[in-house]
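Reminder that position 242 of the sequence shown reads as 245 in the numbering used here, one-by-one numbering, no gaps.
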Amino acid sequence: MRTAPSPGARRKRTGYRGAEAGEARVAMSGLGRLFGRGKKEKAPTPEEAIQKLKETEKILIKKQEFLEQKIEQELQTAKKHGTKNKRAALQALRRKKRLEQQLAQTDGTLSTLEFQREAIENATTNAEVLRTMELASQGLKKAYQDMDIDKVDELMADITEQQEVAQQISDAISRPVGFGDDVDEDELLEELEELEQEELARELLHVGDKEEEPPVTLPSVPSTHLPAEPAPKADEDEAALKQLAEWVS
């Protein structure tokens, strides 16, 4: 037959259970922080995420350069020992293989980070484009908020009507007024043709009655002969004396 535990034993067991429960809560809180179940941190902005990715990429690139140098060193070590120290050469090649595996992992991680950064950059650009398009749509809607398509149609119809009225007024102003509006232009042309026929018949009847024009008279040729050259001084004196004698007689 089992005996009931004493009060002291019960308190001792309860204390053990309380301690175990406290340790369990502490362990669970640690696991929660480890797996992200704790207090959520504020999500970074796209710019902050891109900057963090760039910094991590720089670190991985430096790690790549370091691993490449180490791989080259291990390769030179293996070549140096060769068959002289086979054990050392094999160890160098094993280290080289591990370094190459790390380098391949680093390359893959770097590619993933670059893909994420490019995706965030594209998403940021697309979001900015969408915001701009939304603002443009709102601006366009605001510009047309006071416009009604029916009112626009009515306005265009009024403008067309006013243009037609203006054209009619211009035509009316430019049209000649007065007596000329009551005269038929065909009748005027017919009368003008009759006048031309009468004038032509009159000219044909009086063709022979025209006076002959007097002939053109030309000036007569002078009878005196001009001296070809000036006369000498003695001849002039002799002629003067002869004329004086004739006058006296």
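Built from N, CA and C at the ideal position, the CB exists for glycine as well.
Three or more C-beta pairs under 8 Å: does that hold for the stretch 59-66 against the stretch 77-97? no
Taking Leu116 as the reference, which of Ile64, Gln79 and Glu196 has the closest Cα? Locating residue 116 in the sequence shown gives position 113, counting from the first residue. The option with the nearest alpha carbon to Leu116 is Ile64.
By a C-beta neighbour count over all protein chains shown, 10 Å radius and 16 as the cutoff for buried, is Ala95 buried or exposed? Locating residue 95 in the sequence shown gives position 92, where the first residue counts as 1. Buried: at least 16 other Cβ atoms inside 10 Å.
Grouping DSSP H, G and I as helix and E and B as strand, with all else coil, what is His209? As a position in the sequence shown, residue 209 is number 206, starting the count at 1. Three-state DSSP puts His209 in coil, outside helix and strand.
Take the Cβ of Leu56 as the centre, count every other Cβ of all protein chains shown within 10 Å, and call the residue buried at 16 or more, exposed below. Translated into the one-based positions of the sequence shown, residue 56 becomes position 53. Buried: at least 16 other Cβ atoms inside 10 Å.
Using 8 Å as the Cβ pair cut-off and three pairs as the minimum, do the stretch 121-132 and the stretch 77-84 touch? no
Does the Cβ-Cβ distance between Ile263 and Ala52 come in under 8 Å? No statement about residue 263 is possible, as the shown extent of the chain runs from 4 to 252 and does not include it.
Apply the 10 Å Cβ neighbour rule to Glu249 and answer buried if 16 or more other Cβ atoms are within range, or exposed otherwise. Sequence index remark: in the sequence shown, residue 249 carries index 246 (1-based). Exposed: under 16 other Cβ atoms inside 10 Å.
Whether Glu71 touches Lys99 by CB criterion (8 Å): For the purposes of this step, residue 71 is identified with residue 68 of the sequence shown, where counting begins at 1. For the purposes of this step, residue 99 is identified with residue 96 of the sequence shown, where counting begins at 1. If you check the CB distance, Glu71 and Lys99 do not come in under 8 Å.
With Met159 as the anchor, note down where its alpha helix (DSSP H) starts and where it stops. Here residue 159 refers to the residue found at position 156 when the sequence shown is read from its first residue. Run containing Met159: Ile152 to Ser177, per the alpha helix (DSSP H) assignment.
Alpha helix (DSSP H) containing Asn129: first to last residue? Walking along the sequence shown from the start, residue 129 turns up at place 126. Residues Lys89 to Ala146.
Separation of Gln170 from Ile162, as counted between CA atoms: In the sequence shown, residue 162 corresponds to position 159, counting from 1. In the sequence shown, residue 170 corresponds to position 167, counting from 1. Each residue's Cα considered, the two are about 12 Å apart.
Going by DSSP, what residue range makes up the alpha helix (DSSP H) through Ala81? The residue given as residue 81 occupies position 78 in the sequence shown. That run of the alpha helix (DSSP H) goes Pro49 to His84.
How would you label Leu133, buried or exposed, when you count the other beta carbons within 10 angstroms and need 16 or more for buried? One-based indexing of the sequence shown puts residue 133 at position 130. Exposed.
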